Structure formats: structure tokens, C-alpha cells
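Asker:
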Amino acid sequence: MAAEELLRAMDADQRAAVTCPETATVIHAGAGSGKTRVLTHRIAYRIATGSAAAERVLAITFTREAASEMRRRLLHLGVARNLQSVTVGTFHAIALALLRQRLSDLHKPMPAIINNRQQLLATAIGDHPLASRAREILIEIDWAHARLIQPATFAQTASRLGRYAPAPHNEIATIYKKYEQLKLQRNVLDLDDLITRVIEAMRTDNAYAQAVRWRYRHLFVDEAQDMNPLQYELFDAIRGQRSDVFVVGDPMQAIYGWNGSDKKLFDELPDKLRGTTVLHLPNNYRCSPQILAAAKAVAAHADHKLNAKSMRPDSEPVIAKGFSDNESEAAGIATMLWSYASRGGANPWKMSAVLVRTNNQVEPIVDALVASGIPVRTSRPAPELTSAISDASQCTNRNSLMTWATDVFTESTSEIQRWVAEQLQLFLKLDHPGSVDGRTFASWMRTNPAEQQGPDGVEVLTFHSAKGREWDCVVVAGAEVGLLPHFSAISKEQQQEEVRLAYVALTRASHQLFITWSESRKGRTTGRSSLVAEISDSSRTIDHNEIPKRTARISSSGRKVSLEDQIKKWRSDRARVIRQLPNAVLADHELNLIALQKPTSIEDLGKIVGQITAKQIGPDLLSIIAKAGATVK
1 MAAEELLRAM DADQRAAVTC PETATVIHAG AGSGKTRVLT HRIAYRIATG
51 SAAAERVLAI TFTREAASEM RRRLLHLGVA RNLQSVTVGT FHAIALALLR
101 QRLSDLHKPM PAIINNRQQL LATAIGDHPL ASRAREILIE IDWAHARLIQ
151 PATFAQTASR LGRYAPAPHN EIATIYKKYE QLKLQRNVLD LDDLITRVIE
201 AMRTDNAYAQ AVRWRYRHLF VDEAQDMNPL QYELFDAIRG QRSDVFVVGD
251 PMQAIYGWNG SDKKLFDELP DKLRGTTVLH LPNNYRCSPQ ILAAAKAVAA
301 HADHKLNAKS MRPDSEPVIA KGFSDNESEA AGIATMLWSY ASRGGANPWK
351 MSAVLVRTNN QVEPIVDALV ASGIPVRTSR PAPELTSAIS DASQCTNRNS
401 LMTWATDVFT ESTSEIQRWV AEQLQLFLKL DHPGSVDGRT FASWMRTNPA
451 EQQGPDGVEV LTFHSAKGRE WDCVVVAGAE VGLLPHFSAI SKEQQQEEVR
501 LAYVALTRAS HQLFITWSES RKGRTTGRSS LVAEISDSSR TIDHNEIPKR
551 TARISSSGRK VSLEDQIKKW RSDRARVIRQ LPNAVLADHE LNLIALQKPT
601 SIEDLGKIVG QITAKQIGPD LLSIIAKAGA TVK
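First residue of the sequence shown: 1, per UniProt numbering; consecutive thereafter.
Structure, rendered in C-alpha cells:
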């Protein structure tokens, strides 16, 4: 795609970010500002103008889903004829590829990646009373890895930082030491070890470090506010002294401090990179003015004044509602969702979610939704997924992997097996030329945690799990004392992170936002959280009687479906057919502009999505727009 074509349908701030000089650049991209679009267009623009070579680009993300979407968007932008030119991956996946290549060059075997960390930790714990809390201990070990804390200094450092832990810090330190010793004895690695090994190699072997930096001359990082010290060390090692760095992040969405991330790393980037250009993307293309006003009210508790501006039309008022107890709250949430769905719209359940602070809140809400007849999108069954990956891991080469996938598509009716086969096909198409086998694929799956899949329905998930997602309708449940902020947030920084977490939850909604809380939860007095106390000043609080009761299932006839909903349904259907993510078919920003501007020709549509894309999808979209206009008349 031509450089000028890449700049179409971009606002002035986005265009400035995409076209800025090739020096160190830090982009502050708020929720809904189109950061992924800017990042992928920046890569494509650099390649189109000849200032970057595709095979020298390294783009780092935090999840496999984000990496896959970025690859598909780049392919959609015409960056390359295949998915092997630009290297895109998570920190762990990139470290795995680098380490495997290095050991292969040195004719050394690749250590196995631990299949069952809890089992290994159980061996390290032995008959200690903490054996039943292995999962929680692993979280502490992962935090220590991320913060570059060794077993010898764990207790002192955790105490100094006020780290809330499931056991005394000195006992965790002892288990941590035994866990590390066991890994050495068995010659196995966990995911963080992959990063550590690469960093050590680059520090001790200058020729190797220079080779990596020569290969990856143009460095891009997404969601940089979530970097932890270990990941930053890898980023810094690959960067060297170069200034060809483009980093995107949002300080208000830094929510992983509990897991080792450090927001200061992003805040201090301009000073560390030197001569840095800092740009801001203030326009929010996701949240309505009403929802953004509520998010700003929450952000104020973190002493953070948002300059964001909603580019969406007005929506329904934000509805804040308290209930006597958590059972009543769960039932009330079901009523709210039925109320929203009854207004019409394409796929109302699929486009709705309930967000909670802790996993303990999930089950009662799911039960209430199911009891009221609302479909719920469930997690993929772990045993069947594990079994499918295990089957594929037995394949000994690329051909046998391809045969396994073909057999699954031809003979299997299992949704889980077919999903694994799709991931296998993606794995073979991406950054894995040459010799691969089932073990390589299994390692790739472990280093890239997969998004939960399931049938269409309302999703119920935690604030953390909702990061990077969006829905038309969102219920933020349990906005109450003890949960928001969480009682474990003791230090000022932990309290500030709770504010940011609430902000992330609220900004997942585009059109309708409900906020609920209980006055009593499981016999404990709670009450409305102070973080959402001011929201009623900018929105509307209603009585329970104002929420319509469900009288019948939603009818598929006689409903007015908005043009935006129609385009979303078309995008979802097309994505399913061509096996791409919806945003790879049509970006949210583009979809919103099409719904607002209602282009009537391929040329007008091309001004939004580019002429090449317009010719491909124009007939379908123009037909939808024309029919919607005829209906209105």
C-alpha cells in the first residue's frame, strides 16, 4: 500500500505519530485511541517509504492474540506477501526463538520447557504445610522473576515493598530457592528463564549481541506500560544504543504491578532513550461521551487528568445501582442485560460483558445469567485442550503436523481439536521456517497463552482479563468497599493501580455502561466504592423499579438494528469465513467512520479504508448502507 494511502481516515494526531522522524518515539495512547492501528500503520509507512526493511522489523506485544492481530493487519496493509517478513511476537515467544536458534548454532540441545510448573513446585515444597497453596506461591516466584529478585534477597525486598503474600516472605524464599535448584538439576526452563538466558547471552557474547541488533534494526513495542524489569532488560539489550525505537503505551492502563510490571519504566523512557519525541493520541473512538465522563471521574482519584475527547455520538446514560446483597446484585445484572438486549441490535449477548474484580465473583453471576435464560460464553475445557495439544506434539516433522491438522479438519467434530488445528496452521505460516515438529508447536502454545473461545454469549471475566477488549454493553460489578480498591492494596502505588484498573474496566464499554455494587457481600457490610461515588454527577442513577423486567425472549423480528450493528455483523461473518480477526477485516475506527459518514460510492469509501480495500469490500458495505437508508426513509 502506498504511503499516502496509509494516512487516509486518520486524525491529525494519529498522522503525526505515523509520519514522525525515525528517532526514539514514545506515544501516549489512551483507551480507544486507535493505538494498534497507529502502530501497524507506522510499521507499514516506514516500509512503504523505504526507511525500514520489513525483515529488520521487530514488533513486541504482550499476548499471542495481539501478535496475531498485528500480523494480520500488516498483511492487510500490504506490508508483505506472506507473514514471515516482519517479526511479531510476545517477549517470551521472541526469547524462545532467539534461544533456540542460538543453541542450534552452537550445536547444543534446547532444554525442555516445563509442562507442569505446579508439579515441579510441589516437589520443591515437599510435605511443607504450604503444599496446598502451590499456585499462589508460583505467583510470588513469577513476581520475583519479573522484578529480577533472587531467592537470597526475596524476603527482604518483598517486605520492603509491602508485598502481600500467602505466607511469610522467608518461607517463600526457601521454596523459591529449591524450585530454582530443581530446574537446574533437571535441565528444564520456565518461560521467564527464556528471557533470562537470552539476556545473559547478549551480555557475555558481544558478537551474538551485535548479530541480534543487526537483524532487528527497527524496534516497536506495544502496551509498553506493562513492561516489567526483566522484559525491559531484553528490550534494552536488543535496542543497544540505537534510537530507532517506537513505543506505544498508556500510563492509565498500567495494571500489572502485582505481577511484576513497573509503570515507572514507561514513564522514564523519554529520559533513558534520549532525544525522544513524545506524542499523544487524545481522541477516543470507542467510548461515548457519557462513558468517557464516568472514566474521567474515576481517573481523577489517581491524580490523573484525562485530556481524552470522545469522538462517538451520545449514548444511553451510565446507570449506577446498588443492591442489598450479592445475590440480589447478580439477579439485577441479569435484568439489566435483558433490558439492554430488548432494545434491539445485532448479537446483543455477544456484544455484552460483565466485568468483576476477582474470580470469586464470577460463578454467582454466571448462575444468575443462566437461570434467567441468558447464554454465557464459557471457557475452553482444559483437559480436552491439553489432550489435543499433546496429540499434535507427537508429530515428528512439518509434514506430519500438516497431516494431523488435515485429518482433524476432515474427520473430527470436536470444536477444541479444530481450534488447535487452526492454531497449528497459523504456527506453520508464521515465524517458523525450516525444521519444526510437534514439540516445537507445543512450546509455542505454552509461550503464547490463548484467548478463551466459546459459543456466542455474555462473557463474565475479571478486569484484568478484559484488558484490550471492548463490548457495546458492559456491567462493572462489585464496585464496592473491599473489592474496589481491593483490600490487599496497601501501599499508595497499589491503591493507584486499583484506580487504573477501574478505569480500564469502565473504558471497555462503547455504548452502555452499568455499574453495580452490594451493600452486603456474604454477610460482610460493604457499600459503594469511593472510586465511583462521583459518577452520578455526570450520569444518571436509577431505581431498581426503572429497570424493565424481562417478559419474553428477544424477538428476531420488528427490531430496529443500527447501521453500525449491521456493519459489525457483516464484519464478524466475513472474519469467520476468511479466518481472520474482525479488526483485520475492518478496524473499529474505520467502522465508526463508515457508520457516521455513510459513503455512497467506492471512491468515498476509499477515503476511509483506502482504495484497494474499498474495491474488495465495497459492494457488500455499500449494499448494507443503501438498505439501511431505504429503511429509514
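Ideal placement from N, C-alpha and C gives every residue a C-beta, glycine not left out.
Quick caveat: nothing in here was measured; it's all calculated off a predicted structure.
Which whole-angstrom value describes the C-beta separation of Gly438 and Ala388, a residue pair presumed to lie in contact below a C-beta threshold of 8 angstroms?
Answerer: The Cβ separation is near 12 angstroms, so there is no contact.
Asker: Here's a check: name, in chain order, each residue in its chain whose Cβ is nearer than 6 angstroms to the Cβ of Leu130, leaving out the five neighbours to either side.
Answerer: Taken in chain order, the residues that qualify are Ala167.
Asker: Measure the CB-CB distance between Leu355 and Arg508 and report whether it falls below 8 angstroms.
Answerer: Yes. Within cutoff.
Asker: Secondary structure at Trp570, three-state DSSP: helix, strand or coil?
Answerer: Three-state result, Trp570: helix.
Asker: If you follow the beta strand (DSSP E) that residue 634 is part of, which residue opens it and which one closes it?
Answerer: Since the first and last residues shown for the chain are 1 and 633, residue 634 lies out of range.
Asker: Is the CB-CB distance between Phe220 and Ile60 below 8 angstroms?
Answerer: yes
Asker: List, from N- to C-terminal side, the beta strand (DSSP E) runs of 3 residues or more that fit wholly inside the region 459-537.
Answerer: 459-462, 471-476 and 509-518
Asker: Closer than 8 angstroms, CB to CB, is Ala628 near chain B or not?
Answerer: Protein chains in the displayed structure number just one, and chain B is not present.
Asker: How many Å lie between Asp604 and Gln616 at the Cα?
Answerer: If you draw a straight line from the Cα of Asp604 to the Cα of Gln616, it is about 14 angstroms long.
Asker: Please determine, among His218, Arg160 and Asp262, the residue with the shortest C-alpha to C-alpha distance to Gln231.
Answerer: The residue among His218, Arg160 and Asp262 with its C-alpha nearest the C-alpha of Gln231 is Asp262.
Asker: Can you round the beta-carbon distance between Arg357 and Gly478 to whole angstroms, since I take them to be within the 8 angstroms contact cut?
Answerer: 5 angstroms
Asker: Does the beta carbon of Val481 fall short of 7 angstroms from some heavy atom of the ligand ATP?
Answerer: As presented, the structure is devoid of all ligands, the ligand ATP included, so that no description of it is given.
Asker: Suppose you measure from the CA of Ser623 to the CA of Ile612; what does that come to, to the nearest Å?
Answerer: Near 18 angstroms, if we compare the C-alpha coordinates of Ile612 and Ser623.
Asker: Take Ala16 and list the residues in its own chain whose beta-carbon comes closer than 8 angstroms to its own, dropping the five residues that flank it on each side.
Answerer: Result list for Ala16: Leu279, in chain order.
Asker: Within its chain, find whatever has a CB closer than 8 angstroms to the CB of Thr19; leave out the 5 residues flanking it on each side and keep chain order.
Answerer: Cβ neighbours of Thr19 beyond the five flanking positions: Leu7 and Tyr45.
Asker: Check the C-beta distance from Thr276 over to Leu265 and give it rounded, since I have them as a contact under 8 angstroms.
Answerer: The pair is not a contact, with the Cβ atoms about 14 angstroms apart (cut-off 8 angstroms).
Asker: Here's the rule I'm using: 16 or more other beta-carbon atoms within 10 Å means buried, otherwise exposed. How should Asn116 be labelled?
Answerer: exposed
Asker: What is the DSSP secondary structure of Lys309, reduced to helix, strand or coil?
Answerer: strand
Asker: Beta-carbon within less than 6 angstroms of Gly629's beta-carbon, same chain only, minus the 5 sequence neighbours each way: which residues are those?
Answerer: Result list for Gly629: empty, nothing under 6 angstroms.
Asker: For Ala112, which three-state DSSP category applies?
Answerer: Strand.
Asker: Starting from Ser352, trace the beta strand (DSSP E) in both directions and tell me its first and last residue.
Answerer: Unbroken beta strand (DSSP E) run through Ser352: Ser352 to Val356.
Asker: For Gly89, name the three-state secondary structure that DSSP assigns.
Answerer: strand
Asker: Kindly indicate which three-state DSSP category Ile608 falls into: helix, strand or coil?
Answerer: helix
Asker: Taking the runs of the beta strand (DSSP E) that are 3 residues or longer, which of them lie wholly in the region 133-190?
Answerer: none
Asker: Out of curiosity, what's the CA-to-CA distance linking Thr396 and Lys305?
Answerer: 56 angstroms
Asker: Please name the residue, chosen from Ile113, Ser132 and Ile114, that lies closest to Ala122 on a Cα-to-Cα basis.
Answerer: Ala122 has its Cα closest to that of Ser132, out of Ile113, Ser132 and Ile114.
Asker: Can you give the beta carbon distance from Lys183 to Pro151, rounded, assuming they're within the 8 angstroms contact cut?
Answerer: That pair is no contact at about 12 angstroms.
Asker: Per DSSP, what are the beta-bridge partners of Val26 in this structure?
Answerer: Val247 and Val278
Asker: State the CB to CB distance for the pair Asp472 and Gln512, rounded to an integer number of angstroms; the pair is presumed to be in contact (CB under 8 angstroms).
Answerer: 7 angstroms
Asker: Can you name, in chain order, every residue of its own chain whose Cβ lies under 8 angstroms from the Cβ of Ser491, other than the five neighbours on each side?
Answerer: Annotation for Ser491: Leu161 and Gly162 place their beta carbon closer than 8 angstroms to its own, counting only its chain and skipping 5 residues before and after.
Asker: Between which two residues does the alpha helix (DSSP H) holding Ile125 run?
Answerer: Arg117 to Ile125
Asker: Check whether the region 182-196 touches the region 86-101, taking contact to mean three or more Cβ pairs, one atom from each stretch, closer than 8 angstroms.
Answerer: yes
Asker: Since Cys287 and Ala295 are thought to touch, with beta carbons under 8 angstroms apart, how far apart are those beta carbons, to the nearest angstrom?
Answerer: 7 angstroms
Asker: Evaluate Arg239 with the Cβ neighbour count: other Cβ atoms within 10 Å of its Cβ, from every protein chain shown; 16 or more gives buried, anything less gives exposed.
Answerer: buried
Asker: Using only the alpha-carbon positions, how far apart do residue 643 and Val318 sit?
Answerer: Within the shown structure, residues of the chain are numbered from 1 to 633, placing residue 643 beyond reach of any answer.
Asker: Which residue or residues does DSSP assign as beta-bridge partners of Gly322?
Answerer: Trp517
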